[in-house]
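A short write-up of the structure that comes next.
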Amino acid sequence: ANAIGCGPSILYPDRPECAAFLRTLGPVHAFDEWDQFITASVFGGFSGATFSFMGQIIDWFTTHGVSHDVARALVAETLRGNAEAILQSDQSLDEIVSGIATKGGITELANMVLESHQNRKAWQEALGKIEKRVKTSRH
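Sequential numbering from 1 applies to the sequence shown in the numbering used here.
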(Lines of atoms letter the chains of each structure in order from A; the text may use other names.)
(Lines give C-alpha, C1' and ligand atoms only; values in the text may rest on other atoms or scores of the structure.)
Protein backbone atom coordinates (compact mmCIF):
# COMPACT_ATOMS: atom_id res chain seq x y z
CA ALA A 1 0.00 0.00 0.00
CA ASN A 2 2.87 2.38 0.76
CA ALA A 3 4.42 1.61 -2.64
CA ILE A 4 1.33 3.05 -4.32
CA GLY A 5 1.02 6.01 -1.94
CA CYS A 6 -1.96 4.97 0.15
CA GLY A 7 -0.56 2.97 3.07
CA PRO A 8 -0.43 4.62 6.48
CA SER A 9 2.80 5.29 8.35
CA ILE A 10 3.37 6.11 11.99
CA LEU A 11 5.91 8.49 13.44
CA TYR A 12 7.45 9.20 16.84
CA PRO A 13 8.34 11.83 17.68
CA ASP A 14 6.55 14.12 15.26
CA ARG A 15 9.25 15.64 13.04
CA PRO A 16 8.02 17.78 10.12
CA GLU A 17 10.78 16.67 7.74
CA CYS A 18 10.09 13.00 8.46
CA ALA A 19 6.33 13.48 8.19
CA ALA A 20 6.78 15.22 4.82
CA PHE A 21 8.75 12.25 3.48
CA LEU A 22 6.32 9.67 4.88
CA ARG A 23 3.32 11.52 3.35
CA THR A 24 4.67 10.51 -0.07
CA LEU A 25 3.82 6.94 0.99
CA GLY A 26 0.34 7.68 2.38
CA PRO A 27 -1.29 9.15 5.48
CA VAL A 28 0.94 9.83 8.49
CA HIS A 29 -0.10 9.40 12.11
CA ALA A 30 2.30 11.04 14.55
CA PHE A 31 2.42 10.10 18.21
CA ASP A 32 3.50 12.16 21.20
CA GLU A 33 3.89 9.17 23.48
CA TRP A 34 6.25 6.24 22.91
CA ASP A 35 3.89 3.60 24.34
CA GLN A 36 1.09 4.68 21.98
CA PHE A 37 3.52 4.57 19.05
CA ILE A 38 4.63 1.04 19.97
CA THR A 39 1.03 -0.17 20.24
CA ALA A 40 0.15 1.51 16.94
CA SER A 41 3.10 -0.23 15.28
CA VAL A 42 1.12 -3.47 15.58
CA PHE A 43 -0.75 -2.29 12.48
CA GLY A 44 2.18 -3.52 10.37
CA GLY A 45 1.48 -7.13 11.29
CA PHE A 46 -2.25 -6.53 10.99
CA SER A 47 -1.75 -5.14 7.49
CA GLY A 48 0.13 -8.22 6.36
CA ALA A 49 -2.46 -10.52 7.92
CA THR A 50 -5.23 -8.84 5.95
CA PHE A 51 -3.65 -10.12 2.73
CA SER A 52 -3.94 -13.67 4.04
CA PHE A 53 -7.54 -12.96 5.05
CA MET A 54 -8.34 -11.63 1.57
CA GLY A 55 -6.68 -14.66 0.01
CA GLN A 56 -8.89 -17.00 2.04
CA ILE A 57 -12.03 -15.16 0.90
CA ILE A 58 -10.88 -15.07 -2.73
CA ASP A 59 -10.18 -18.82 -2.56
CA TRP A 60 -13.70 -19.46 -1.24
CA PHE A 61 -15.26 -17.62 -4.18
CA THR A 62 -13.04 -19.32 -6.76
CA THR A 63 -13.76 -22.80 -5.39
CA HIS A 64 -17.46 -21.95 -5.70
CA GLY A 65 -17.27 -21.00 -9.37
CA VAL A 66 -16.34 -17.30 -9.51
CA SER A 67 -13.31 -16.57 -11.68
CA HIS A 68 -10.16 -15.65 -9.78
CA ASP A 69 -9.98 -12.18 -11.35
CA VAL A 70 -13.58 -11.35 -10.48
CA ALA A 71 -13.25 -12.77 -6.95
CA ARG A 72 -10.07 -10.77 -6.38
CA ALA A 73 -11.73 -7.57 -7.61
CA LEU A 74 -14.89 -8.13 -5.56
CA VAL A 75 -12.97 -8.72 -2.35
CA ALA A 76 -10.63 -5.76 -2.85
CA GLU A 77 -13.41 -3.41 -3.97
CA THR A 78 -15.63 -4.43 -1.06
CA LEU A 79 -12.92 -3.82 1.51
CA ARG A 80 -11.84 -0.56 -0.14
CA GLY A 81 -15.45 0.62 -0.19
CA ASN A 82 -16.05 -0.38 3.42
CA ALA A 83 -12.82 1.33 4.51
CA GLU A 84 -13.88 4.50 2.71
CA ALA A 85 -17.31 4.33 4.36
CA ILE A 86 -15.60 4.24 7.78
CA LEU A 87 -13.29 7.12 6.90
CA GLN A 88 -16.15 9.29 5.65
CA SER A 89 -18.58 8.55 8.48
CA ASP A 90 -18.72 9.89 12.00
CA GLN A 91 -20.82 6.89 13.07
CA SER A 92 -19.35 4.20 15.29
CA LEU A 93 -18.77 0.79 13.72
CA ASP A 94 -21.65 -0.58 15.79
CA GLU A 95 -23.93 2.08 14.28
CA ILE A 96 -22.74 1.29 10.76
CA VAL A 97 -23.26 -2.46 11.28
CA SER A 98 -26.72 -1.98 12.78
CA GLY A 99 -27.57 0.18 9.77
CA ILE A 100 -26.67 -2.57 7.29
CA ALA A 101 -27.35 -5.79 9.19
CA THR A 102 -30.97 -6.76 8.79
CA LYS A 103 -32.38 -8.83 11.66
CA GLY A 104 -32.21 -12.42 10.44
CA GLY A 105 -30.22 -11.35 7.37
CA ILE A 106 -27.00 -12.54 5.81
CA THR A 107 -24.71 -10.05 7.57
CA GLU A 108 -26.09 -11.09 10.94
CA LEU A 109 -25.66 -14.75 9.93
CA ALA A 110 -22.03 -14.19 8.88
CA ASN A 111 -21.23 -12.37 12.11
CA MET A 112 -22.85 -15.11 14.21
CA VAL A 113 -20.89 -17.86 12.45
CA LEU A 114 -17.60 -15.98 12.72
CA GLU A 115 -18.20 -15.27 16.41
CA SER A 116 -19.07 -18.92 17.04
CA HIS A 117 -15.59 -19.76 15.74
CA GLN A 118 -14.10 -17.14 18.04
CA ASN A 119 -12.99 -14.95 15.15
CA ARG A 120 -12.81 -11.87 17.39
CA LYS A 121 -10.77 -13.78 19.98
CA ALA A 122 -8.35 -15.00 17.29
CA TRP A 123 -7.75 -11.45 16.00
CA GLN A 124 -7.30 -10.14 19.56
CA GLU A 125 -4.78 -12.90 20.30
CA ALA A 126 -2.86 -12.31 17.08
CA LEU A 127 -2.62 -8.57 17.68
CA GLY A 128 -1.62 -9.15 21.30
CA LYS A 129 1.20 -11.47 20.24
CA ILE A 130 2.41 -8.96 17.66
CA GLU A 131 2.37 -6.23 20.32
CA LYS A 132 4.36 -8.43 22.70
CA ARG A 133 6.98 -9.12 20.01
CA VAL A 134 7.22 -5.42 19.11
CA LYS A 135 7.62 -4.43 22.75
CA THR A 136 10.29 -7.04 23.46
CA SER A 137 12.32 -6.29 20.32
CA ARG A 138 12.44 -2.50 20.64
CA HIS A 139 15.78 -2.38 22.47
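Each residue gets a CB set at the ideal place from its N, CA and C atoms; glycine is no exception.
C-alpha gap between residue i and residue j, whole angstroms
i: V42; j: W123; result: 12 Å
i: L109; j: H29; result: 35 Å
i: I100; j: G81; result: 14 Å
i: L25; j: L79; result: 20 Å
i: P13; j: Q88; result: 27 Å
i: L74; j: E131; result: 31 Å
i: Q118; j: M112; result: 10 Å
i: E125; j: L114; result: 15 Å
i: T63; j: P16; result: 49 Å
i: T107; j: C18; result: 42 Å
i: T102; j: T136; result: 44 Å
Anticipated Cβ contact below 8 Å, residue i with residue j, distance rounded
i: A40; j: F46; result: With 8 Å as the limit, A40 and F46 do not qualify as a contact, their Cβ atoms being about 10 Å apart.
i: I58; j: A49; result: 15 Å between Cβ atoms; not a contact.
* Asked: Taking contact to mean at least 3 C-beta pairs separated by less than 8 Å, is the segment 20 to 38 in contact with the segment 53 to 68?
  -> The segment 20 to 38 makes no contact with the segment 53 to 68, as fewer than three CB pairs between them are under 8 Å.
* Asked: Can you list, in chain order, the stretches of the alpha helix (DSSP H) that have 4 or more residues and sit fully within the segment 9 to 97?
  -> Complete alpha helix (DSSP H) runs here, min 4: 16 to 22, 34 to 40, 43 to 63, 68 to 88.
* Asked: Where in the segment 98 to 130 do unbroken runs of the alpha helix (DSSP H), each at least 4 residues long, occur, reported from the N-terminal end onward?
  -> Contiguous alpha helix (DSSP H) elements confined to the segment 98 to 130 occur at 106 to 116, taking only those with 4 or more residues.
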